[in-house]
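Q: According to the numbering used here, the sequence shown is numbered sequentially starting from 3.
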Amino acid sequence: MATTLVTEIQRAQTRLRFLSRAERGALIIRILHELKTHRQEVLGNVPAERCMWIDRLIASVSSTISEIANMQDVEFNRVLTEFEKLMATLQAISHPEKSPNTIH
């Protein structure tokens with residue numbers, strides 16, 4: 003699911019100046035949903051004190067959705083770039099590619 007979101011973020015970046023505030027907000031909500039899903043499904047069994055970083059991020063994004071959606075294009079693009087990196091990293095960590103079988 004995160005791979006699809008990364009693609010969605012990249013698409014949004016290419017048409018950034020045409021995105022309405024509502025579309026920007028919807029994308030941030032989608033990112034927030036993905037972060038919450040990752041927190042529950044992947045980090046659900048990790049002690050809470052080791053997940054404070056993602057809990058803080060979720061709380062911060064939740065409380066600033068409208069401010070993020072109202073950012074100027076350049077600022078919003080920076081935010082999307084950071085979320086794109088984060089989502090790709092979380093995807094890589096939680097679903098590492100299997101190494102190819104070695105023939106002996």
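Glycine included, every Cβ here is placed at the ideal spot set by N, Cα and C.
Taking contact to mean at least 3 C-beta pairs separated by less than 8 angstroms, is the region 12-22 in contact with the region 51-59?
A: With a cut-off of 8 angstroms, the region 51-59 and the region 12-22 do not count as touching, because too few Cβ pairs lie within range.
Q: Under 8 angstroms: do the region 41-49 and the region 71-80 share three or more Cβ pairs, one atom per stretch?
A: Too few Cβ pairs lie closer than 8 angstroms, so no.
Q: On the CB-based measure, 16 or more other CB atoms within 10 Å of its CB, does residue 14 come out buried or exposed?
A: The count along the sequence shown starts at 1 and reaches residue 14 at position 12. That one is buried.
Q: Cα separation between residue 69 and residue 34?
A: Taking the sequence shown and counting its residues from 1, one reaches residue 69 at position 67. Taking the sequence shown and counting its residues from 1, one reaches residue 34 at position 32. Going from the Cα of residue 69 to the Cα of residue 34 covers about 14 angstroms.
Q: Using three-state DSSP, classify residue 52 as helix, strand or coil.
A: For the purposes of this step, residue 52 is taken as the residue at position 50 of the sequence shown. In the structure shown, residue 52 sits in a helix (DSSP, three-state: H, G or I).
Q: Where residue 24 and residue 66 are concerned, what is the direct C-alpha to C-alpha distance, given to the nearest angstrom?
A: One-based indexing of the sequence shown puts residue 24 at position 22. One-based indexing of the sequence shown puts residue 66 at position 64. Near 14 angstroms, if we compare the C-alpha coordinates of residue 66 and residue 24.
Q: Expressed to the nearest angstrom, what Euclidean distance is found between the alpha-carbon atoms of residue 47 and residue 56?
A: Within the sequence shown, residue 47 is the residue found at index 45, counting from 1. Within the sequence shown, residue 56 is the residue found at index 54, counting from 1. The alpha-carbon atoms of residue 47 and residue 56 are separated by roughly 14 angstroms.
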